[in-house]
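Protein chains in written order, with our numbering: chain L, 1 to 206; chain D, 1001 to 1206; chain W, 2001 to 2206; chain R, 3001 to 3206.
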């Protein structure tokens, strides 16, 4: 199967980027309080860790869904995927910045950085899918047309939703950060409920 | 096989989380003693490294055993697995905190943090298994019912045992940490002795 | 297939080296400015991250193209690949140094370090290919001779181009760094345009 | 194939441990000299990086050779492999310590730490092989007996050679470090020359 090694490489980047997030969960260098107080005080780091981990997990599931419909990869497709991976591997940096600064007077810049990264991720992922699906360029011949259009439809809200959550940073960085979390939570819950029973990782039998 | 890419991703997270543990084994920034003394003095870091590495290794073996019985993954199953991976990838943080603080007056908070992480790991793993096995939802048709109930039985003691070891932290953080180590050691030894000769990673032939 | 495990290991190193690059994108320890100003000020780190990520991605694609033509691996081939991986896994260090020093009076040393690493990468990659292809030592019997000579031709400009970009560091470190970026950009764009439609990751059918 | 997932996990740990080594190549926090001088001054870090990378690469090749002869894994075999991986994943720590301290008055402790780690690695690897090969417990039925005894013979010098190099630390830490490097170099060169042409990663056809 022609997309095998792309999947291996992408899964590696997804797994590493998600697991590296824990390196940014850390106590301050000097503990002013008891350890217990300090561990509670850094709760935004736990939330940021969970949101970014879930977001990368969602991208992984969606990448899986997309590649099920793709029969082969050409070089342009590989490099568009590299663009997506470059954006995904960047996520630990804005995550760390957001967790550290969201509750400070610098919160707006931190939320904007996180939002721009999510927009870059959404845009590169959209480019991966549009390149593969335009004119069914790389799509399996036996792929169900309604599955193809269904994926396109499910991709469209991503960019405007992340753009909206990013714009909210000008009003309130905390609200913007909460929206990033709600977007991830909403996706996980709705996808898990809707997808209950629907096979994933299985090519539909013809 | 429909759970292939889940296995690849999960194995990636397990391998990375285990290997990242070494980044938290470090000498203090300023050496007051000779290097030899300092290397001996940080022994709790070696022990914590070994316990957490073994624990992640056990989770990896068990995840393997579970997925052998699972025929296919739906989206809810994927997201429950993401919950488990999120807990496993978190383990380096409480490991570092426990190694640094277990012998200080802040030992209790450190042991509680470690215990809560283990409880979260146990609970998410249990949810993965119960979702897959309830009514044999995702189980292979030819799976042996006694193997299914055997896995369920082997999972049940995990939560109460980790809960007990966590509660011990209120009496003695050192005893609590020792129990976490004994739990891992007990599992490895008993599993290795019991499982000697029993094939793993092999689907039972029908 | 005999090169399977080599591919898995190499893909792992490529994915990890690329994803680790984000650990070197960091704010200064003490923020003198607002967060927004500081985030803009560290733009060389973003550029260095993107160039090195793209470079490793290109190596990954090329390694893929090479191994498609290779039927089997002997030990010498494995160790030559280890030499390539050693050079690739080294890339995060010169990337970090270049991003930090390119705009200082130490820029020349930073650009030379980056250039020497790229030269070592090109030389080890060339040795991998020449060992496999000399006398068709490890090449698949059904491999197209024009594909083999095409790969050899595409490899030859790498060393002199990186050597030239490295030498430019004696005149201007910034120009040298820009050339490293242009080399990566040029390769991605030309390869993606030329390769559009040409299957990758697929063994040519006989 | 029953050892598939063990190979994936082990290859992940090998690739990550090798690639993490670059995180310990770093400039001092305060540069007293020019960057060029500082980059030359840290040459022991480059050497330590290369030696440990090559050592992990050798372990990867050997693990590959061993698993080719193994038909199936039982739980004891999995946990013995976990012991090996625990030792391999530990290598970045003594590498960093050796590079930092080998030229100081603390060199002996640093060389001893490195040597003990190599001894632990050799001992766990030996246990993996002896458990699998004793009475051909896990060996493929069609495995060539001379291949089995050849692997056993090639394993035996490892422990005494590393023990000797470790003991040399009491006389001269630098000599001990040089021996660790020579052991890796000798193995790579001899193995590559001897193995030239001999297929690796291929099960012998029956």
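Heads up, the beta-carbon is just placed ideally off N, CA and C, and yes, glycines get one too.
What does residue i touch in chain W if you count any residue whose Cβ is under 8 Å from its own?
{"i": "residue 3048 of chain R", "result": "Under the 8 Å cutoff, chain W gives no residues; its nearest Cβ is about 13 Å from residue 3048 of chain R."}
{"i": "residue 95 of chain L", "result": "Going along chain W, no residue has its Cβ under 8 Å from residue 95 of chain L, so there is no contact; the nearest lies around 10 Å."}
{"i": "residue 3155 of chain R", "result": "Result: empty, since nearest Cβ-Cβ is about 16 Å, beyond 8 Å."}
Using beta-carbon positions only, say whether residue i and residue j come within less than 9 Å of one another.
{"i": "residue 2123 of chain W", "j": "residue 2070 of chain W", "result": "no"}
{"i": "residue 1049 of chain D", "j": "residue 1022 of chain D", "result": "yes"}
{"i": "residue 101 of chain L", "j": "residue 166 of chain L", "result": "no"}
{"i": "residue 1086 of chain D", "j": "residue 57 of chain L", "result": "yes"}
{"i": "residue 3082 of chain R", "j": "residue 3007 of chain R", "result": "no"}
{"i": "residue 1025 of chain D", "j": "residue 3093 of chain R", "result": "yes"}
{"i": "residue 75 of chain L", "j": "residue 3 of chain L", "result": "no"}
{"i": "residue 2095 of chain W", "j": "residue 3035 of chain R", "result": "no"}
{"i": "residue 128 of chain L", "j": "residue 80 of chain L", "result": "yes"}
{"i": "residue 2051 of chain W", "j": "residue 2027 of chain W", "result": "no"}
{"i": "residue 3143 of chain R", "j": "residue 3137 of chain R", "result": "no"}
{"i": "residue 1055 of chain D", "j": "residue 1184 of chain D", "result": "yes"}
Report, in whole angstroms, the separation of the C-beta atoms of residue i and residue j, which I expect to be a contact under 8 Å.
{"i": "residue 2053 of chain W", "j": "residue 2108 of chain W", "result": "The Cβ separation is near 24 Å, so there is no contact."}
{"i": "residue 65 of chain L", "j": "residue 151 of chain L", "result": "7 Å"}
{"i": "residue 3084 of chain R", "j": "residue 3125 of chain R", "result": "5 Å"}
{"i": "residue 2089 of chain W", "j": "residue 3019 of chain R", "result": "5 Å"}
{"i": "residue 1173 of chain D", "j": "residue 1111 of chain D", "result": "4 Å"}
{"i": "residue 1113 of chain D", "j": "residue 39 of chain L", "result": "6 Å"}
{"i": "residue 1187 of chain D", "j": "residue 1118 of chain D", "result": "Incorrect: roughly 12 Å between the Cβ atoms, too far for contact."}
{"i": "residue 3141 of chain R", "j": "residue 3099 of chain R", "result": "About 47 Å; that fails the 8 Å criterion."}
{"i": "residue 3168 of chain R", "j": "residue 3176 of chain R", "result": "4 Å"}
Determine the DSSP secondary structure at residue i, reduced to helix, strand or coil.
{"i": "residue 3102 of chain R", "result": "coil"}
{"i": "residue 2088 of chain W", "result": "helix"}
{"i": "residue 59 of chain L", "result": "helix"}
{"i": "residue 2120 of chain W", "result": "helix"}
{"i": "residue 3171 of chain R", "result": "coil"}
{"i": "residue 1204 of chain D", "result": "Residue placement at residue 1204 of chain D is poorly supported in this model, since its pLDDT is 36, which falls under 50; the coordinates are not used for a value here."}
{"i": "residue 2198 of chain W", "result": "Interpretation of residue 2198 of chain W is limited by its pLDDT of 47, a score under 50 that renders its predicted location unreliable; the figure taken from the coordinates is listed afterwards. Residue 2198 of chain W falls in the coil class under three-state DSSP."}
Taking C-beta pairs closer than 7 Å, name the residues in chain D that residue i reaches, listed in chain order.
{"i": "residue 3110 of chain R", "result": "1035"}
{"i": "residue 19 of chain L", "result": "1013, 1016, 1017, 1020 and 1089"}
{"i": "residue 102 of chain L", "result": "Near residue 102 of chain L there are no residues of chain D at all, since even the closest Cβ is about 19 Å away, more than 7 Å."}
Determine the chain D residues that contact residue i at a beta-carbon separation under 8 Å, and present them in chain order.
{"i": "residue 64 of chain L", "result": "1005"}
{"i": "residue 39 of chain L", "result": "1097, 1109 and 1113"}
{"i": "residue 25 of chain L", "result": "1090 and 1093"}
Taking residue i as the query, report the chain L residues whose CB atoms sit under 7 Å from its CB, ordered along the chain.
{"i": "residue 2151 of chain W", "result": "The premise fails here: residue 2151 of chain W is roughly 14 Å from chain L at the closest Cβ pair, so nothing lies under 7 Å."}
Under 9 Å between beta-carbons, which chain R residues line up against residue i? List them in chain order, please.
{"i": "residue 2008 of chain W", "result": "3007, 3008, 3011, 3012 and 3015"}
Listing by chain order, which chain R residues have their CB less than 7 Å from the CB of residue i?
{"i": "residue 2092 of chain W", "result": "3022"}
{"i": "residue 1057 of chain D", "result": "3082"}
{"i": "residue 2142 of chain W", "result": "The contacting residues do not exist; residue 2142 of chain W stays about 18 Å from chain R at best."}
Please compile the residues from chain R whose C-beta is within a distance smaller than 8 Å of the C-beta of residue i.
{"i": "residue 1180 of chain D", "result": "The contacting residues do not exist; residue 1180 of chain D stays about 16 Å from chain R at best."}
{"i": "residue 1054 of chain D", "result": "3082 and 3086"}
For residue i, go through chain W and note every residue whose CB falls closer than 7 Å to its CB, in chain order.
{"i": "residue 3060 of chain R", "result": "2009"}
{"i": "residue 3188 of chain R", "result": "2079"}
What residues from chain D crowd round residue i, counting only those whose CB sits closer than 9 Å?
{"i": "residue 3030 of chain R", "result": "Per Cβ cutoff of 9 Å: no residues; residue 3030 of chain R is ~13 Å from chain D at best."}
At which residue ranges does the region 3001–3040 of chain R contain complete beta strand (DSSP E) runs of 3 or more residues, listed in the order of the chain? Within the region 3001–3040 of chain R, no complete beta strand (DSSP E) run reaches 3 residues.
Ranges of the alpha helix (DSSP H) found wholly within the region 3127–3161 of chain R, counting only runs of at least 4: As far as the region 3127–3161 of chain R is concerned, its whole alpha helix (DSSP H) runs of at least 4 residues are 3145–3155.
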